[in-house]
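*Asks:* Each residue of the sequence shown is one higher than the last, beginning at 1 in full-length UniProt numbering. Every residue, glycine too, gets a C-beta built ideally from N, C-alpha and C. This is the structure I want to talk about, given as structure tokens.
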Amino acid sequence: MKTIQQMFKAWMIYLLVLLMPELAYAAPITTGVSPILVSISLPDITGGLVTLNHLKGKVMVINLWANWCPVCHQEAPGFVHLHQTLGSRVRFVGIALDGKKSAERFIHDEHVNYLTLLAGAHPSKVLSALGDRNEMLPYTLIVDPKGRVVQRHLGFYSASQLAIAVNRVMHDRP
């Protein structure tokens, strides 16, 4: 016969497992990170070199993802759709944290239609430089036209939530 303590422990484990998917859908991060987009240069999928802070001038959405990340696949169609509708006013940049071949598969499978950069051999350094010290994915930044990071979001970012956040920045109401 199980003791009360054993039953309590079993229920706690059950609840934790039950809630794990919800923990993947996190919220904005606002503390302990630099408000200015760092000057980091990364290769794009074709081999050209892109410096992130040189892309400022309009609102920018930077999304860090990996092909092995199921939540990244879940949110990708929303990013693709928003790029189609807002692309002339908002710059979308994806940063793939796995290798080029894997990134190419993700781009093909999810029909990614915006600039994609590669984190290269040291993805944890890229994550850290952009403020994701937990090294969890997906991770999204919204940057204003002056190059200030106005929002950092860890976890699933729905197209509707992202559209609202981008609209606020476009109208200078972060």
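Identify which residue in 75, 148 and 91 has its Cα closest to the Cα of residue 154.
*Replies:* On the sequence shown, residue 154 is found 154 positions in, with the first residue counted as 1. Per the Cα distances, 75.
*Asks:* Can you name the start and end residues of the beta strand (DSSP E) that residue 62 belongs to?
*Replies:* Position 62 of the sequence shown, counting from 1, holds the residue named residue 62. 59 to 65 is the extent of the beta strand (DSSP E) around residue 62.
*Asks:* Measure the C-alpha to C-alpha separation of residue 107 and residue 36 and round it to an integer number of angstroms.
*Replies:* Against the sequence shown, residue 107 aligns to sequence position 107. Against the sequence shown, residue 36 aligns to sequence position 36. Computed Cα separation, rounded: 28 Å.
*Asks:* Quick check: residue 166 and residue 90, are their CB atoms within less than 8 Å of each other?
*Replies:* By 1-based counting over the sequence shown, the position of residue 166 is 166. By 1-based counting over the sequence shown, the position of residue 90 is 90. Yes, they are a contact pair.
*Asks:* When you compare each of 66, 135, 150 and 133 to residue 103 by their alpha carbons, which one comes out closest?
*Replies:* In the sequence shown, residue 103 corresponds to position 103, counting from 1. The shortest C-alpha separation from residue 103 is found at 66.
*Asks:* Nearest CA to the CA of residue 42: which residue from 121, 68 and 69?
*Replies:* The sequence position of residue 42 within the sequence shown is 42, counting from 1. If you compare the alpha carbons of 121, 68 and 69 with that of residue 42, the shortest gap goes to 121.
*Asks:* How many Å lie between residue 64 and residue 139 at the Cα?
*Replies:* On the sequence shown, residue 64 is found 64 positions in, with the first residue counted as 1. On the sequence shown, residue 139 is found 139 positions in, with the first residue counted as 1. Straight-line Cα distance between these residues: approximately 5 Å.
*Asks:* Can you tell me where the alpha helix (DSSP H) holding residue 147 begins and where it ends?
*Replies:* Taking the sequence shown and counting its residues from 1, one reaches residue 147 at position 147. Here residue 147 belongs to no alpha helix (DSSP H), and DSSP marks it neither H nor E.
*Asks:* Excluding the 5 residues flanking residue 21 on each side, which residues of the same chain have their C-beta closer than 8 Å to its C-beta?
*Replies:* As a first step, residue 21 must be located in the sequence shown, where it is residue number 21. For residue 21, the pLDDT reaches just 44, beneath the cut-off of 50, and the residue's location in the model is therefore unreliable, although a value from the coordinates is still provided. Nothing listed; no residue qualifies.
*Asks:* Are any of the Cβ atoms in chain C nearer than 8 Å to that of residue 162?
*Replies:* Of the chains in the structure shown, none is chain C; there is only one protein chain.
*Asks:* Could you check where the alpha helix (DSSP H) with residue 168 kicks off and where it finishes?
*Replies:* Within the sequence shown, the letter at position 168 stands for residue 168. Looking at the DSSP string, the run of the alpha helix (DSSP H) that includes residue 168 is 159 to 170.
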